[in-house]
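Beneath this line is the structure, given in structure tokens, with notes to follow.
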Amino acid sequence: MFRRPFPLALASVLAASAPLVAEPEPAAPPAGEIRDTIQVTATRVPEDVLDVPASVTVVSAEELAARGVRDLAGALALVAGVSIAPGGDGGPASSVPELMGLREFDAFLLVVDGVPWGGAFNPALATLDLTGVERIEVLRGSAPVLYGATSFVGVIHVLHFAPGGGERAVDLGGGSYDTFLGRVTVPLPGASWQQSIVANAETRGFAPDRSGVDRAHFLYRGAGEVGGGRLRFDFDAQQVDQDPYSPHPRQGRTLSPLVPLDANNNPRDARMDETRFHFVGGYDRVLGRGDWSTTLSFTSSERDVLRGFLMEDFEASDVNAAGYDQTIDETDYYFDTHWAVEANERVSVVVGLDALGGKGEMKSRNFDYLVALDGSNPPSSGDQATLERPELEDERLFAGLYAQVIWRPSERWRVELGARLNQTDEKREGEVETEEGEELQADERKETRGSGSIGASFRAFASDASEVWVFADFRDAYKPAAIDFGPEAEGGILDPETATAWEGGIKGQHLDGRLTWQASAFRMDFENLVLPTVVDGRPTIENGGEERFEGYELEGGYRVSDALTLRASYAHHEARFLDYERTFDGVLTQLRGKRLEMSPEELAAFGIAYAPDTGLVAHGEVNYVGDRYLDKRNRALADAYTTLSAGFGWRFERLEVRLDGWNLTDERDPVSESELGDAQYYRLPARSWLASARWSF
């Protein structure tokens, strides 16, 4: 499948060139006690997960290693209420997360080391790499104060080891569908300047014809004491080249039997290539009675996308697919400065301002083509006549002033109040060149509005080895409508999305932190949710009236011993339209009471991991996804499915060898809907495996 030489030697070269400096051992927690803290996701300051009035899950590096995790879907497989569908319109390297019943490409916020990953546009999931990650924090529900107009149903925060921290190691592996990888992590601690280097290269194949991913990634992190504070700098460079596979079309109430399971209906020269550079600088220091922190980032991304989708009438004999050849250039920046101060022993305050801005430009050549339904002998895009040449330019700026107060009136109570003033400014211009001439469309929208949250938690029980906390919160969130840079020059700006959410729950830990659990219930009311639609046979998006999401989620973990860990979760979600009218076959239809498509009512998971310092290592995870409708009218019901992932290996003092497998039951159910192909669905990737070796030095 692959179209160019790939630098698998990168990892070994970097490992050989790095000086072998001994790494200091991290400080150990108090004997027998295990506690998770969240650094910045919920409050921007270190906090105990237990008393934060929100549903939060922390997945550690130790758990990721024990389960052989290599992507976001595997990392969050056991988190309550979260389901990650691999692939999607972003390509086989991407994914489509679902949180709290909403599966939407931009409804959540993806953060990497404190910076929105994807900027002011959409989460950059295809370029997310988990090499060198210390932990992943998942905040369910919006974060309308600290992250403003970008977080809607949750925050997934990926944090790498601090400069100079983590393990010095090299990984090599190979597996199914001609998959190969090489990774290296090199911490370089020092007296005045700490550094870390992370590099990896991989070639990954998939079951569909002509599909796969090539990735080369380099991350440098540095930090040191300067001028009485701490200066930090990150540089991330990636090249991700994807050969996309096709979603499967639906006919009536079922996926079409006319299209084979792994058929690829893209043009022969299909590609989704991205070059991305990401720079972050920051400075932290003590200021008065508090800590002042400033972060500035800049990102440049260039994408070259050529792909196609079957049309609604894909049995036609002249043309049956729509294709487009795009270039998409995005630049974005992020600035945040805030001051976190302990006003007294009971009150702490965080005040700050931030700005998230970006500019995106899309140029496309759209064409129609004829392709066999089994994908055989696909045509080249260069042989197809041009129908139109749309161009789209979008500039957006999300800025805000925010303040959050944490008040502890007693050791048993914690109250949080947060408020934010949002200023959003967006300009968009679309142009389409056809045989009849040019069409121009432009729009501009400015909005000033507030958002906020209030929450409280109460310690209902405490002993030497146990604690139980009850919490409740209310959040009012707002988000400008997404832009997907699809093949059309949509110059109009949709109405902003809004949501109000109520949540309550109880969580506890026992046996000195070895047993943890939480249970929560929520309700979210949405207005103007952005939904996919089709106009004149081409994909577009529109506002979707009113929707309600409600449900409950349960999660628990038990560390039986230092080597053996159990984790389980269950979620029940109800996602329904409250008021949304849509035209089907020329008839205006009210969808009130219908379930949102691709939103399962039930999710469940169970996992076990055995990972001693030396000897046998093993893990297994079972995931259940309930039935879900493929369409808005709730006529096409997809059955529930269960997947199994497992692995085993052996750890020596410095070497670990292992074999891991995913979707061992080989389920191929539809897991996400395309927003570019009408009534088309991406299936769960086929069974895969990876044999790997890890050497620590």
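Going by my numbering, the letters in the sequence shown line up with residues 103 to 799, in that order. All residues carry an ideal CB built from backbone N, CA and C; glycine is no exception. Please read all numbers here as calculations on a predicted model, not as lab measurements.
| Check | Outcome |
| --- | --- |
| Whose CA, out of 575, 570 and 539, lies closest to the CA of residue 556? | 575 |
| Name the DSSP bridge partner or partners of residue 666? | 712 |
| Hey, how far is the Cα of residue 163 from the Cα of residue 472? | 48 Å |
| Rounding to the nearest angstrom, what Cα-Cα distance links residue 373 and residue 407 in this structure? | 6 Å |
| Taking the alpha-carbon positions, what's the residue 190 to residue 510 distance? | 44 Å |
| Taking the continuous beta strand (DSSP E) assigned at residue 528, which residues delimit it? | 515-536 |
| Using beta-carbon positions only, say whether residue 721 and residue 285 come within less than 8 Å of one another. | no |
| Buried or exposed: which applies to residue 330, given that a residue is buried once 16 or more other Cβ atoms fall within 10 Å of its Cβ? | exposed |
| Out of curiosity, what's the CA-to-CA distance linking residue 252 and residue 419? | 45 Å |
| Which of the three DSSP states, helix, strand or coil, is assigned to residue 118? | For residue 118, the predicted model reports a pLDDT of 39, less than 50, meaning its position is unreliable and no value from the coordinates is stated. |
| Rounded C-beta distance between residue 364 and residue 343? I'm assuming under 8 Å. | Not quite, the Cβ-Cβ distance comes to about 20 Å (not below 8 Å), so this is no contact. |
| Run the CB neighbour count on residue 248, radius 10 Å, all protein chains shown included, and call it buried at 16 or more, exposed below. | buried |
| What's the gap between the Cα of residue 554 and the Cα of residue 424? | 44 Å |
| Is there contact here, the stretch 534-543 with the stretch 250-265, by at least three beta-carbon pairs under 8 Å? | no |
| Which residues in the same chain have their Cβ closer than 7 Å to the Cβ of residue 392, if we skip the five residues on either side of it in sequence? | 441, 442, 443 and 444 |
| Whose C-beta lies closer than 6 Å to the C-beta of residue 795 among residues of the same chain, with five residues either side of it excluded? | 274 and 759 |
| Is the beta carbon of residue 256 sitting closer than 8 Å to the one on residue 243? | yes |
| What does DSSP give as the partner residues of residue 402 in its beta bridges? | 379 and 433 |
| Would you kindly check if the distance between the Cβ of residue 601 and the Cβ of residue 563 is under 8 Å? | no |
| Measure the alpha-carbon distance for residue 281 versus residue 320 and round it to whole angstroms. | 20 Å |
| Do residue 770 and residue 788 have their C-beta atoms within less than 8 Å of each other? | yes |
| Examine the Cβ distances between the stretch 365-384 and the stretch 335-354 and report whether three or more of them are shorter than 8 Å. | yes |
| What does the alpha-carbon distance come out to for the pair residue 433 and residue 455? | 21 Å |
| Given this structure, state the Cα-to-Cα distance separating residue 459 from residue 712, to the nearest angstrom. | 45 Å |
| For the beta strand (DSSP E) holding residue 459, just list the boundary residues, first then last. | 449-471 |
| Figure out for me which residue from 731, 703 and 558 has the closest Cα to the Cα of residue 182. | 703 |
| By Cβ distance below 8 Å, which residues in the same chain neighbour residue 558 in space, the five residues on each side in sequence not counted? | 155, 515, 516, 517, 518, 573, 574 and 575 |
| Flag this pair as yes or no: are the beta carbons of residue 426 and residue 218 separated by less than 8 Å? | no |
| Can you tell me the Cβ-Cβ gap for residue 208 and residue 225, rounded? I've got them flagged as a contact below 8 Å. | 7 Å |
| Just confirm the distance between the C-beta atoms of residue 567 and residue 496, as a whole number of angstroms; I'd bet it's less than 8 Å. | Going by Cβ atoms, the distance from residue 567 to residue 496 rounds to 54 Å, so no, they are not a contact pair. |
| Residue 227 by DSSP, collapsed to three states: which one? | helix |
| Exposed or buried, residue 565, counting other C-beta atoms within 10 Å across all chains shown (16 or more means buried)? | exposed |
| For the alpha helix (DSSP H) that residue 193 lies in, which residues bound it at each end? | No alpha helix (DSSP H) contains residue 193, which DSSP labels as neither H nor E. |
| Under 8 Å: do the stretch 646-654 and the stretch 663-677 share three or more Cβ pairs, one atom per stretch? | yes |
| With respect to the alpha helix (DSSP H) encompassing residue 596, which residues constitute its N-terminal and C-terminal limits? | Note, residue 596: premise wrong, no alpha helix (DSSP H); not H, not E. |
| Spell out whether any CB of chain C is found under 8 Å from the CB atom of residue 618. | Of the protein chains in this structure there is only one, and it is not chain C. |
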